[in-house]
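**Q** Chains as they are written, first to last, in my numbering: chain A, 29 to 823; chain B, 71 to 515.
Each residue gets a CB set at the ideal place from its N, CA and C atoms; glycine is no exception.
Since the model is a prediction, treat every value here as computed from it, not as a measurement.
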Amino acid sequence: MMGEHSRRNLLRLAMSTLAAAPLACYGGDGTATQADSTGASEPASTTGDDTPTTSAGDSTGDSTGDASTGEPVDCYSTRDFFADRVWAPLMSSNCAMCHEPTGVAAEKGAKFRLLTPVYPGFIEANIENIKSLAGYEYEGVPLLLAKPTGLVDHGGGVQLSEGTQVFDDLAELIAQLDAPVECAPKPPSAAFPDVSLLTPEETLRKAALHLVGRLPTADERSAVADGGEPALLAALDAFMQEDAFYDRLADIYNDVFFTDTYLVRDGVQFLNAATPDFPNVTKYLDTMNPLPADQKARVKKAVAREPLSLVQYIVRNDLPLTDLLLAPYTVFTPDSAWLYGVDAKFDDPNNPNELQPGVLKVTRNGKPIEYPHAGVLTSPMWLNRFPTTPTNRNRHRARKVYDQFLATDVLALASQAIDPAAGSTFSNPTRDASECAKCHRVIDPIAGGFQMFDKNNQEFLLDPPVWYPEMFAPGYGNELMPADLFATGVRWLAERVAADPRFSLATTYTIFAALTGQKPLRYPTDTASPDYKSLLAAWQVQDELLRSISEEFIAANYDLKLIIREVIRGPYYRGIGMSKEPSAARRAELVAVGTGRLSTPELLTRKIQSVTGVRWGGTGTDLLVGEYKILYGGIDSFDVTQRLTATNQIMAAVATRMAIEVACIATAFDFSKPMAERLLFPLVDPVDTPDFNEGAIRKNIAHLHDRVLGEVVAEDSPEVDATLALFYDTWTAGVQSIADKTETTSLGSCQALKDPTTNTDLPAERQIKLDETYAIRAWQAVIIYLLSDYKFLYE
Amino acid sequence: MDRRSFLQIAAMTGLAVAAPRSARALTPYAGPFYVMISARGGWDPTYLCDPKPKGGPFNRLYDFDPAIDKVGPFHFADIPLAANLVTDPMAMQYLMKTGDFFSKHVNNLLVVNGVNMQTNNHDRGVTTTWSGRGDGGYPNFAALVAATRAPAHPLAFISSGGYDGTGNLLPVTRLNSVTSFRKLAEPNRVNPADPMNQSTYVPAATFDRIRAAQDARLKAYKDAQHLPRIADSAGQLYVARGNLDSLSQVALPDTLIDIPNELSDLERMMQQTQLAIAAFQAGLAVGVNLELGGFDTHANHDTTQVRQLAKLLKGIDYVVEQATAAGLYGDIVIMVGSDFGRGKGYNGVNPGDGKDHWPVSSAMFLSGDPSLIGAGRLVGGTDEVDQLPLPVDPDTLDTLEPGDDTGVVITAGHIHLALRELAGISEGAPAQKFKLAGEILPIFT
């Protein structure tokens with residue numbers, strides 16, 4: 029058995045050897061970006077046989093070049109080295125179990141702390157921690173090597189053996205940390221050279237539908253066609269000035285806050301009526317002397333929408349999004365200001381949509397006290413949507429703070445299941461039982477930030493605040509909240525959350541999910557999975573992009589529009605195809621790339637109206653956000669908060685009925701307009717038939733492919749041929765049916781008698797009741813065909 | 071589109087295919103059917119199927135005499151239902167006493183007490199209860215069976231709440247309205263609610279022509295597409311359109327049940343039951359999630375928990391009645407569970423105080439065919455001191471003394487392993503993709 033002296037010597041030798049070896053990829057200033065192709069002792073690729081990032085290498089096993097990047101790697105950063113060679117094979121399993129924030133070593137105060145993938149940015153944080161400890165040595169051996177090899181006492185025993193590859197890699201990492209290798213950032217598309225992207229014009233259409241719910245104008249298309257990417261960015265900026273964009277923004281953040289449930293459930297009813305805090309709540313609720321229905325509806329909407337209105341106000345006024353947490357105010361309409369008794373000044377008190385900032389006034393013990401506005405965290409609706417109880421003690425809200433603003437799933441913190449018997453021996457298990465405390469240590473300090481709110485009446489302000497000494501003290505990370513700030517401690521908390529890099533990442537994640545329809549990839553932890561390397565590569569590329577965007581977001585003073593622009597520019601939003609079938613490994617790497625997102629009920633509703641000029645539901649509630657909302661995978665923000673992203677049969681049936689009914693409404697109606705005003709049929713007359721005017725029909729079909737599907741095709745293309753075949757077969761069969769008297773010339777329930785956008789009668793000369801040539805019904809079939817097409821339902 | 075194309079696309083989208091695409095060739099699924107009933111929020115088994123003596127730390131509400139409050143092998147919490155649990159006297163008939171429930175269903179019931187849920191967290195608890203694992207990503211049991219038995223059936227897995235994770239094995243379907251469903255079952259019919267009006271928006275031949283053109287275009291697009299996300303979603307749409315005609319085979323009730331407004335949560339559960347049974351009858355569904363919330367009684371436990379349990383029992387009873395009326399109860403397995411239990415004991419001395427989360431729970435199973443689940447048995451238990459789970463003999467399931475190392479403490483994982491065996495899906499590809507660790511206990515035999 030090797031003696032201690034010999035082991036120390038070997039370790040020293042190993043370190044000296046590594047120190048003498050030329051390290052890959054960096055030069056004298058420590059910020060190198062180019063590999064030393066002649067002397068590097070380390071792999072020049074993160075996608076070699078053992079390393080799984082997508083920055084290079086051929087993961088397809090296909091010599092024809094269907095590779096991850098199709099080009100050799102030119103730089104292997106210390107970050108990637110750590111992720112590939114140290115974290116994945118060693119620290120994620122052997123070390124993190126005890127050294128994670130809730131682990132045994134952390135509990136005992138170990139300085140070596142490892143964040144798990146639960147924490148976004150965990151790789152960077154772990155490198156920083158290791159760097160801070162790299163200087164500690166035991167008789168010349170770095171402590172980070174001496175401990176796990178058992179050279180010095182280690183509570184976790186021997187976890188690492190000399191002479192192994194991972195030992196050498198850890199040693200090299202320590203050496204590299206003196207002058208970390210940093211690689212020049214690459215454009216995200218560099219990781220996907222085999223993926224074709226939407227052109228600027230195509231991206232313009234998709235973004236217009238996504239951001240402002242309309243098709244781009246001819247001028248916008250022309251400008252982007254001529255100006256390319258810069259013109260596209262300018263168009264995006266213009267979109268983000270439109271009112272419709274702020275509606276979309278509210279939708280996006282409702283998927284985070286779910287406060288739109290109060291549009292239905294009436295949020296005012298959840299406010300305290302028994303105190304004078306909000307003087308007009310009792311008037312609103314008074315059934316003996318009811319408010320006028322229209323006023324009540326406006327108040328209800330304004331109160332329910334307050335958290336989302338705050339988001340709109342911040343972005344519309346180009347304020348930093350950190351105000352979502354830091355704003356010392358919230359926003360009111362004239363109606364909600366009345367309800368809350370807020371003294372806000374409005375340019376037009378009769379405009380129910382005007383938003384102005386204001387502060388809530390509260391009196392306690394005969395004296396006015398400060399309502400500790402901290403953006404949405406103190407919103408009455410947010411507080412009610414995420415309620416607490418006397419025993420929950422704001423832990424639910426703490427979890428939501430982690431989830432909504434720190435991109436951290438605290439439920440995943442506990443690496444092991446709790447043992448009920450373990451807590452039974454403690455009178456205060458959440459603090460004293462290690463199994464319980466490991467999570468409560470993380471959750472309870474943040475819960476303490478909300479201590480000024482009553483535990484039963486959600487937005488009721490306590491004076492003084494009440495907290496519980498048996499719980500972990502209010503704070504954030506390792507910092508304790510000063511006791512003299514408890515009354516307004518939610519602000520103290522908000523400042524720290526807003527300054528946490530995870531806030532910018534969480535915001536980036538929110539926008540990414542909203543625009544691509546999929547959550548960011550999770551770090552793969554199952555190293556035994558056959559797809560592990562590919563999944564890790566997919567995660568690394570996406571993580572790099574999202575971190576990069578979040579850093580730019582910070583540099584731009586938390587300008588939310590920047591994130592929107594950057595996500596839209598990226599391959600996850602714009603990927604549209606590949607020239608050939610990818611290998612299984614490459615397929616796993618590309619799992620999150622590209623279009624193919626099922627439109628939500630809200631997005632599809634706007635698209636239908638924009639494309640056809642009519643709404644599905646006439647002048648009433650749009651059916652996709654009414655009757656069919658849940659069936660089509662939407663949410664009600666209360667019972668159902670998870671959108672369906674995969675089409676099921678019921679959803680397919682909804683799409684089919686939508687296409688049929690919208691075609692019925694829109695076809696004859698569009699023909700009833702003057703030709704120049706038509707959206708769908710500007711190039712044909714309703715009597716044009718294939719036997720006399722096939723050319724015009726072809727032209728109009730090509731127009732429809734463009735308008736409905738965003739597909740620019742030639743008049744003699746196979747796509748137009750196929751659509752014309754449908755038109756022709758329907759027309760000939762219909763003409764025969766009329767001749768056979770199995771059908772009449774009447775358009776039946778699909779006549780154009782009224783303007784469906786106003787439900788008023790059309791002038792007699794514009795009304796269309798008959799279809800003697802059967803052409804209108806043939807066009808109706810074409811519209812059904814296109815409205816139920818994949819390219820219409822997906823973006 | 072031929073069957074081969076369908077199989078290729080289905081395989082590409084990750085679906086395990088057990089049925090052909092053509093509606094005419096679709097073989098109705100004949101059972102067994104699976105109904106998962108979630109008491110959302112964390113129920114209190116000591117107020118239901120794991121009663122404790124009055125005056126102890128767990129029960130301040132009801133008298134409990136083990137010799138009297140027992141039906142068959144089951145002890146129950148005999149809690150009187152006070153008239154003030156509801157405001158509308160007509161609502162009282164929709165609450166069911168514990169004793170009445172156990173008396174009625176004793177021969178079709180299996181109770182498992184002392185289940186260590188290993189969590190006090192709602193989300194993790196729900197995931198654990200219905201998938202057998204708490205760390206997410208695993209499919210709900212009903213979805214797992216559906217993916218194994220009939221993934222291409224239009225309504226294979228219906229969820230109206232609870233944990234509806236499917237592990238991407240198949241899409242989840244939501245149903246909430248008879249009127250809407252009728253419109254979707256016959257999308258081309260102008261007014262499906264009017265049996266006298268058979269008019270359609272377009273002639274049937276035109277509708278068929280459009281669908282054929284859609285299929286051809288979608289297939290051409292898919293064949294030319296290699297980017298996985300697009301190819302997958304195009305495949306999903308293709309598969310979803312596959313058996314749309316079969317939706318019209320669902321014989322829906324004319325109207326859904328209407329009960330007093332204050333019981334709207336129970337009404338929703340009962341209406342979902344009606345839709346699910348209709349889908350089972352049509353052979354289009356395999357499993358369904360039902361949910362009743364309101365069990366998170368940190369306060370007002372003795373009122374709210376009692377009311378919700380009484381509603382839950384009525385809701386379960388309604389499932390049994392509907393299934394029996396449809397002639398399906400013998401082919402149905404019902405599982406009732408919750409996020410976790412409540413306790414231990416109360417969080418205050420005042421009548422308005424409640425009980426907090428406690429990681430020890432129970433599960434109940436019912437079937438019209440007692441032999442299917444080994445009904446009429448009580449498995450497991452909790453101790454009288456700490457409400458901790460008692461170990462059981464892994465072979466006989468006899469309850470052992472606390473701390474007996476020869477025994478096994480039952481977990482949700484054990485229940486799901488046994489459920490998979492019960493359903494005969496343990497060796498299927500979906501179950502193999504989502505393996506569970508642990509030993510298979512004879513819970514249902």
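Step through the CB atoms of chain B and report whether any lies within less than 9 Å of the CB of A/Leu754.
**A** Closer than 9 Å to some Cβ of chain B, the Cβ of A/Leu754 qualifies, so yes.
**Q** With distances taken Cα to Cα, identify the nearest neighbour of A/Gln340 among A/Asn381, A/Ala301, A/Val309.
**A** It is A/Asn381 whose Cα lies nearest to the Cα of A/Gln340.
**Q** In chain A, which residues lie less than 7 Å from B/Ser303 when you measure between Cβ atoms?
**A** Residues of chain A passing the Cβ test: Gly624, Leu626, Tyr822.
**Q** In chain order, what residues of the segment 767 to 793 of chain A put their CB closer than 8 Å to some CB of chain B?
**A** Against chain B - using a Cβ distance shorter than 8 Å - the residues of the segment 767 to 793 of chain A are Glu771, Gly776, Ser777, Cys778.
**Q** Below 9 Å between beta carbons: does that hold for B/Asp456 and A/Ala449?
**A** Yes, Cβ-Cβ distance for B/Asp456 and A/Ala449 is below 9 Å.
**Q** Comparing C-alpha positions only, which one of A/Lys139, A/Gln432, A/Gly517, A/Asp288 sits nearest to A/Ala541?
**A** A/Ala541 has its Cα closest to that of A/Gln432, out of A/Lys139, A/Gln432, A/Gly517, A/Asp288.
**Q** Considering just the uninterrupted stretch of the alpha helix (DSSP H) at A/Gln637, what are its terminal residues?
**A** Segment 629 to 640, the alpha helix (DSSP H) holding A/Gln637.
**Q** Between the beta-carbon of B/Met187 and the beta-carbon of B/Leu383, is there less than 9 Å?
**A** No, the Cβ-Cβ distance between B/Met187 and B/Leu383 is not below 9 Å.
**Q** Roughly how many angstroms lie between the CA atoms of A/Ala236 and B/Ala346, to the nearest whole one?
**A** Computed Cα separation, rounded: 40 Å.
**Q** Is the closest heavy atom of the ligand SAH to the C-beta of A/Thr303 under 8 Å?
**A** Looking for the ligand SAH in the displayed structure turns up nothing, as the structure carries no ligands at all.
**Q** Does DSSP put A/Asp376 in a helix, a strand or coil?
**A** Note: A/Asp376 maps to coil in three-state DSSP.
**Q** Taking 6 Å as the limit between beta carbons, can you name the residues of its chain near A/Val194, skipping five residues before and five after?
**A** Hits under 6 Å: Pro117, Leu118.
**Q** Determine, for B/Phe517, whether the minimum Cβ-Cβ distance to residues of chain A falls below 9 Å.
**A** No statement about residue 517 of chain B is possible, as the shown extent of chain B runs from 71 to 515 and does not include it.
**Q** Taking Cβ-Cβ distances shorter than 7 Å, what residues in chain B pair up with A/Gly27?
**A** In the structure as shown, chain A starts at 29 and stops at 823, and residue 27 of chain A therefore has no counterpart that could be examined.
**Q** Name the residues in the segment 283 to 296 of chain B whose C-beta lies less than 9 Å from a C-beta of chain A; which are they?
**A** Within the segment 283 to 296 of chain B, the qualifying residues are Ala283, Gln284, Ala286, Arg287, Leu288, Ala290, Tyr291, Lys292, Ala294, Gln295, His296.
**Q** A/Ser105 by DSSP, collapsed to three states: which one?
**A** Residue state, collapsed to three classes: coil.
**Q** Out of curiosity, what's the CA-to-CA distance linking B/Arg412 and A/Lys324?
**A** Taking the straight line from one Cα to the other gives about 40 Å.
**Q** Can you tell me whether B/Ala100 is helix, strand or coil according to DSSP?
**A** Coil, per DSSP.
**Q** Provide the residue span of the beta strand (DSSP E) that contains A/Pro129, from first to last.
**A** From DSSP, A/Pro129 is part of no beta strand (DSSP E); its letter is neither H nor E.
**Q** Going by DSSP in three states, B/Arg447 sits in which element: helix, strand or coil?
**A** Three-state DSSP puts B/Arg447 in a strand.
**Q** Count the CB pairs spanning the segment 220 to 235 of chain B and the segment 426 to 445 of chain B that are closer than 8 Å, and state whether there are at least three.
**A** These segments do not touch.
**Q** Measuring alpha carbon to alpha carbon, tell me which residue in B/Ile300, B/Phe134, B/Gly111 is nearest B/Cys119.
**A** Checking every option, the nearest Cα to that of B/Cys119 belongs to B/Phe134.
**Q** Looking at the strands, I want to know which residues DSSP matches up with B/His427.
**A** B/Arg412.
**Q** Just to make sure I have the definition right: I need the residues of chain B whose C-beta is within less than 7 Å of the C-beta of A/Tyr813. Which are they?
**A** Chain B residues near A/Tyr813: Ile280, Ala283, Gln284.
**Q** Quick check: the Cα distance between A/Leu821 and A/Gly654, rounded to an integer number of angstroms?
**A** Taking the straight line from one Cα to the other gives about 18 Å.
**Q** Give a yes or no on contact between the segment 290 to 307 of chain A and the segment 229 to 244 of chain A, applying the rule of three or more CB pairs nearer than 8 Å.
**A** With a cut-off of 8 Å, the segment 229 to 244 of chain A and the segment 290 to 307 of chain A do not count as touching, because too few Cβ pairs lie within range.
**Q** Tell me which residues of the segment 178 to 199 of chain B have at least one Cβ-Cβ distance to chain A shorter than 8 Å, keeping chain order.
**A** Cβ contacts with chain A: Asn186, Gln188, Thr189, Asn190, Asn191, Asp193, Arg194.
**Q** Look at A/Lys395 and A/Asp371 and say whether their C-beta atoms are less than 9 Å apart.
**A** No.
**Q** Is the CB-CB distance between B/Leu354 and B/Pro136 below 9 Å?
**A** No, the pair does not count as a contact, with Cβ atoms beyond the cut-off.
**Q** Using the beta-carbon of each residue, which ones in chain A are nearer than 7 Å to B/Gln306?
**A** Chain A residues near B/Gln306: Ala674, Thr675.
**Q** Is B/Phe365 close to chain A, meaning its C-beta is less than 9 Å from at least one C-beta of that chain?
**A** Judged by the 9 Å Cβ criterion, B/Phe365 is not in contact with chain A.
**Q** Please report how far the alpha carbon of A/Ser576 lies from the alpha carbon of A/Gly505, in whole angstroms.
**A** Roughly 24 Å between the two C-alpha positions.
**Q** Rounded to a whole number of angstroms, what is the C-alpha to C-alpha distance between B/Gly232 and B/Leu362?
**A** Straight-line Cα distance between these residues: approximately 9 Å.
**Q** Enumerate in chain order the residues of its own chain whose CB-to-CB distance from A/Arg392 is below 6 Å, with the five nearest sequence positions on each side excluded.
**A** Asp491.
**Q** Please say whether B/Asn238 and A/Ala674 have beta carbons closer to each other than 9 Å?
**A** Yes, these two residues count as a Cβ contact at 9 Å.
**Q** Consult DSSP for A/Val763 and reduce its assignment to one of helix, strand or coil.
**A** Looking at A/Val763 - three-state DSSP - the assignment turns out to be helix.
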